[in-house]
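Participant: This note's numbering puts the first residue of the sequence shown at 5, with every later residue one more than the last.
Cβ atoms here follow ideal geometry from the backbone N, Cα and C, with glycine treated the same way.
On a predicted model such as this, the values are computed, not experimentally measured, just so you know.
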Amino acid sequence: MHPSRWLDDRIDTVTRTTMPIFGLRLAVAAAIAALAVVTLGRGVGFLWLLAAASAEVGTWITTRKTRRGLRQTLGQRLAYLAAVFWMNIVWSGLGVVLWLDGRAACVAAAVCMLATQMLHAQVFASRSPAVLLAVAVPPVAGLAALVLFATPGGWSEQALLSGAAAIMVAYMTRAGLTNAGHLREQEAAQAKAEQSAQAKARLLADMSHELRTPLTSILGFTRMIAQQDDCGTLTRGYLDRVEDASNALLCAVNDILDFSKLEAGQLILAAEEVEAAGLARRTLDLLTPQAAAKDLRLALESDLPPGLRLMVDPDRLRQVLLNLLGNAVKFTPAGEVVLAAAYDPETARLTFSVRDTGPGIPPERLDALFKRFSQVGAAGSRIGGTGLGLAICKGLVEAMGGEIGVESQPGAGSRFWFSVPAPAVLQDPVADAGEGGEQEAAPLAGLRVLVVDDHPANRELASLFLGGFGAEVHLADGGEAALDACAAGPFDLLLLDQQMPGLDGPETLRRLCRAKAAPPVVLAFTADPNEVRGRSGWGALVHGVVAKPIDPVAMLTTILQALDAGAASCARATAT
Numbered sequence: 005m006h007p008s009r010w011l012d013d014r015i016d017t018v019t020r021t022t023m024p025i026f027g028l029r030l031a032v033a034a035a036i037a038a039l040a041v042v043t044l045g046r047g048v049g050f051l052w053l054l055a056a057a058s059a060e061v062g063t064w065i066t067t068r069k070t071r072r073g074l075r076q077t078l079g080q081r082l083a084y085l086a087a088v089f090w091m092n093i094v095w096s097g098l099g100v101v102l103w104l105d106g107r108a109a110c111v112a113a114a115v116c117m118l119a120t121q122m123l124h125a126q127v128f129a130s131r132s133p134a135v136l137l138a139v140a141v142p143p144v145a146g147l148a149a150l151v152l153f154a155t156p157g158g159w160s161e162q163a164l165l166s167g168a169a170a171i172m173v174a175y176m177t178r179a180g181l182t183n184a185g186h187l188r189e190q191e192a193a194q195a196k197a198e199q200s201a202q203a204k205a206r207l208l209a210d211m212s213h214e215l216r217t218p219l220t221s222i223l224g225f226t227r228m229i230a231q232q233d234d235c236g237t238l239t240r241g242y243l244d245r246v247e248d249a250s251n252a253l254l255c256a257v258n259d260i261l262d263f264s265k266l267e268a269g270q271l272i273l274a275a276e277e278v279e280a281a282g283l284a285r286r287t288l289d290l291l292t293p294q295a296a297a298k299d300l301r302l303a304l305e306s307d308l309p310p311g312l313r314l315m316v317d318p319d320r321l322r323q324v325l326l327n328l329l330g331n332a333v334k335f336t337p338a339g340e341v342v343l344a345a346a347y348d349p350e351t352a353r354l355t356f357s358v359r360d361t362g363p364g365i366p367p368e369r370l371d372a373l374f375k376r377f378s379q380v381g382a383a384g385s386r387i388g389g390t391g392l393g394l395a396i397c398k399g400l401v402e403a404m405g406g407e408i409g410v411e412s413q414p415g416a417g418s419r420f421w422f423s424v425p426a427p428a429v430l431q432d433p434v435a436d437a438g439e440g441g442e443q444e445a446a447p448l449a450g451l452r453v454l455v456v457d458d459h460p461a462n463r464e465l466a467s468l469f470l471g472g473f474g475a476e477v478h479l480a481d482g483g484e485a486a487l488d489a490c491a492a493g494p495f496d497l498l499l500l501d502q503q504m505p506g507l508d509g510p511e512t513l514r515r516l517c518r519a520k521a522a523p524p525v526v527l528a529f530t531a532d533p534n535e536v537r538g539r540s541g542w543g544a545l546v547h548g549v550v551a552k553p554i555d556p557v558a559m560l561t562t563i564l565q566a567l568d569a570g571a572a573s574c575a576r577a578t579a580t
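#1: Residues in the same chain with beta-carbon distance under 6 angstroms from Ala-140, minus the five sequence neighbours each way, listed in chain order, please.
#2: Identify which residue in Asp-307, Ile-365, Asn-258, Glu-305 has its Cα closest to the Cα of Val-324.
#3: Exposed or buried, which one is Gln-194 when buried takes at least 16 other CB atoms within 10 Å?
#4: Could you tell me whether the Cβ atoms of Leu-4 and Leu-266 are closer together than 9 angstroms?
#5: Using 9 angstroms as the threshold, is the C-beta distance between Gly-506 and Ala-528 below it?
#6: Going by the DSSP bridge assignment, what does Glu-305 pair with across the sheet?
#7: Once the 5 residues before and after Glu-439 are set aside, which same chain residues still bring their CB inside 6 angstroms of it?
#8: Can you find at least 3 beta carbon pairs, one from the region 134-149 and one from the region 10-17, that sit closer than 8 angstroms?
#9: Leaving out five residues before and five after Ala-585 in sequence, what residues of the same chain have Cβ atoms less than 8 angstroms from its Cβ?
#10: In the DSSP output, what is Gly-409 paired with across the bridge?
#11: In whole angstroms, what separates the C-alpha of Tyr-3 from that of Glu-407?
#12: Return yes when the Cβ of Ala-113 is within less than 9 angstroms of the Cβ of Gly-99, no when it is not.
#13: Pick out whichever of Ala-249, Leu-165, Arg-14, Glu-279 has its Cα sitting closest to the Cα of Thr-77.
#14: Would you tell me roughly how many angstroms separate the C-alpha atoms of Glu-411 and Leu-312, rounded to the nearest one?
#15: Drop a sphere of 10 angstroms on the beta-carbon of Cys-116, count the other beta-carbons inside from all chains shown, and report buried for 16 or more, exposed for fewer.
#16: Return the Cβ separation of Val-550 and Leu-499 in integer angstroms, given the expectation that the two are a contact with Cβ distance under 8 angstroms.
#17: Rounded C-beta distance between Thr-336 and Gly-362? I'm assuming under 8 angstroms.
#18: Thinking C-alpha only, which one of Leu-288, Ser-306, Pro-425, Glu-511 is nearest Arg-353?
#19: Mapping DSSP to helix, strand and coil, what is Val-115?
#20: Could you work out which residue in Ala-332, Pro-318, Lys-375 is closest to Ser-357 when comparing CA atoms only?
#21: Check whether the region 443-462 and the region 475-495 are in contact - that is, three or more C-beta pairs closer than 8 angstroms.
#22: Take Val-18 and list the residues in its own chain whose beta-carbon comes closer than 8 angstroms to its own, dropping the five residues that flank it on each side.
#23: Start and end of the beta strand (DSSP E) containing Met-315?
#24: Please report how far the alpha carbon of Val-111 lies from the alpha carbon of Leu-102, in whole angstroms.
#25: Over what stretch of residues does the beta strand (DSSP E) that includes Ala-416 continue unbroken?
#26: Quick one: give me the first and last residue of the alpha helix (DSSP H) that Asp-105 is part of.
#27: What span of residues does the beta strand (DSSP E) with Arg-359 cover, start to end?
#28: Given a cut-off of 9 angstroms on the beta-carbon distance, is the pair Arg-369 and Gly-417 in contact?
#29: Enumerate in chain order the residues of its own chain whose CB-to-CB distance from Ala-275 is below 8 angstroms, with the five nearest sequence positions on each side excluded.
#30: Straight-line CA distance for Val-602 to Pro-553?
#31: Using three-state DSSP, classify His-459 as helix, strand or coil.
#32: Figure out for me which residue from Gly-97, Asp-481, Ala-59 has the closest Cα to the Cα of Val-144.
#33: Taking the CB atoms as reference points, tell me whether Asn-585 and Cys-235 lie closer together than 9 angstroms.
#34: State yes or no: is the C-beta of Ala-566 within less than 9 angstroms of the C-beta of Val-525?
#35: Hey, could you find the ends of the alpha helix (DSSP H) Gly-146 is sitting in?
#36: In angstroms, rounded to a whole number, what distance separates the CA positions of Phe-89 and Ala-138?
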């Protein structure tokens, strides 16, 4: 093996794990020096402390780049090894001095110190062979020299001590090799597990695209047909059933994918400035049709000050609220469902609770309620779905730094609550222009829009809705077609699918920016808005997100807000 192979990144890994205990090592050295002063005299104690301090300072100086997260050069690694070697010479030297003192306690202490150094060397058996030699050679050489040249008595005593020392070194070496083998096996298993997790993540991403795309098309065309003037009552009722079934299936798919992200630690959170009372009210309004169908009273009890703006992740907060409210509406046969909201400015925590008049939950089942695939399966109890909803709520709330709980008694309803940190932000005294005004008949008249999506149904739906708002719509079936279209003529807005074969959305945008052909406003077009934030800065390159299935009002709102925000920053795209 070439010597440079020993001076690789493994040395940097060792420094990252050993330097955090730098202060502890100095404290131990000071304590040992104090004992040396008492046992061997001031001169020896202070001289040894000076040598130990010089070694520690040497390791500190030679690891400056590593402490800043940078990669060390070959020369810096050699300097670090020299400092480590000197440090172990200093410690072994104290063991030699103690041995030569001749007193039984000092000899025993010397053996303990040298043995401890050799045990410490085992730690590096699989981490770095170069560091292993720098740590192990001084104590082994010191012990060998003492046994061969400083053993009192005749040849029999020397032979006895030599044999004992040889056995100790041999067993320590064997133990070190065994531990190194086990560590390598663990590292291999961990690498295999990480590869498996990455493969699972890729599979989930593909599943997300393949499952959500047809579902969003079904939902989009269902809504489009239901809005037609010639759609009869009976047909509209059938379409409502199709939409309900599609929403249920999409919800199950999203639950499985979200839970997999939580388990893999891949969940992405992004705090934004949110008007808390408005978010609570709008979320509750989404459940109004389901509650009205069951004659349930749906109410909001809010102690939130009007206009209070907080820094939270609105998408994840809304997801938890919808899950809890949806469960309450689904499993409450009669009565009411109440959403309560409160904010504590002293602790900067936002608290929501969902109270219902449903059948309640037995006390012995409450602890298992937030576990995955857990349901309460008795007559009149909470059943159905994937059994992942509450587990996802728990994971989301804890990921946001909060806590979640439930209070329930059979026959007395249930109360689910959660609390998350949400720092308040200064209110903007300037009201949004146009708020509360009437909507123009063709708010996007004259706007040239390029819709890029590899799925024909998504392109058609987007074209229908955008055309209805007065936009001039052009279509492209992929990244390459988008590059050609933008090169041929300017567009005011680009609606860009995130996941496409060949050139995906992020790479398409980067190429457009490098060619100075990107439209001034770019919106991501995706079934998973939260995923936009985690794609190599992709979320920072766009003005907003249009979610699939398309909600025409939400899409129009996003477009108008993006147009008001100004031109996109291609500097960030080309730098990413």
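Facilitator: On the basis of the data shown:
#1: Apart from sequence neighbours up to five positions away, the residues of its chain that approach Ala-140 with a beta-carbon distance below 6 angstroms are Ala-125, ordered along the chain.
#2: Closest by alpha carbon: Asn-258.
#3: Counting the other CB atoms within 10 Å of its CB gives Gln-194 a total below 16, which places it among the exposed residues.
#4: The structure shown does not extend to residue 4, since the chain spans only 5 to 580, so no value can be given for it.
#5: No; because the gap between Cβ atoms is not below 9 angstroms, this pair is not in contact.
#6: Answer is Ala-344, bridged to Glu-305.
#7: Only weak support is given to the placement of Glu-439: the predicted model assigns it a pLDDT of 43, under 50, and the question is left unresolved by the model.
#8: Contact between the region 134-149 and the region 10-17 is present, because at least three Cβ pairs lie under 8 angstroms.
#9: Residue 585 is absent from the model: the chain starts at 5 and stops at 580.
#10: Looking at the DSSP output, Gly-409 shares a beta bridge with Trp-421.
#11: Nothing in the structure corresponds to residue 3, since the chain is present only between 5 and 580.
#12: The Cβ atoms of Gly-99 and Ala-113 lie closer than 9 angstroms to each other.
#13: When only C-alpha atoms are compared, the closest one is Arg-14.
#14: For Glu-411 and Leu-312, the distance between alpha carbons rounds to 28 angstroms.
#15: With fewer than 16 other Cβ atoms within 10 Å, it is exposed.
#16: So it is a contact: roughly 6 angstroms between Cβ atoms.
#17: Contact check for Thr-336 and Gly-362: beta-carbon distance about 4 angstroms, within the 8 angstroms limit, so the pair qualifies.
#18: The residue from Leu-288, Ser-306, Pro-425, Glu-511 with its alpha-carbon nearest to that of Arg-353 is Pro-425.
#19: Reduced to three states, the DSSP call for Val-115 is helix.
#20: Scanning Ala-332, Pro-318, Lys-375 for the CA closest to the CA of Ser-357 turns up Ala-332.
#21: Cβ pair count under 8 angstroms is three or more, so yes.
#22: Excluding residues within five positions, the ones whose Cβ falls inside 8 angstroms are Phe-128, Arg-131, Ser-132, Val-135.
#23: Start and end: 313-316.
#24: Looking at the two C-alpha atoms, the distance is approximately 6 angstroms.
#25: It is not in any beta strand (DSSP E) - Ala-416 carries neither H nor E in the DSSP assignment.
#26: First-last of the alpha helix (DSSP H) with Asp-105: 78-105.
#27: For Arg-359, the enclosing beta strand (DSSP E) stretches over residues 353-360.
#28: Contact flag unset, no.
#29: The answer, listed in chain order, is Met-315, Val-316, Asp-317.
#30: The requested residue 602 does not occur in the structure, where the chain is confined to residues 5 to 580.
#31: Secondary structure of His-459 (DSSP, three-state): coil.
#32: Ranking the options by Cα distance to Val-144, first place goes to Gly-97.
#33: Because the chain spans 5 through 580 in this model, residue 585 falls outside it and cannot be assessed.
#34: In contact: Ala-566 and Val-525 (Cβ atoms closer than 9 angstroms).
#35: 133-153 is the span of the alpha helix (DSSP H), which, as asked, contains Gly-146.
#36: Cα to Cα, Phe-89 sits roughly 5 angstroms from Ala-138.
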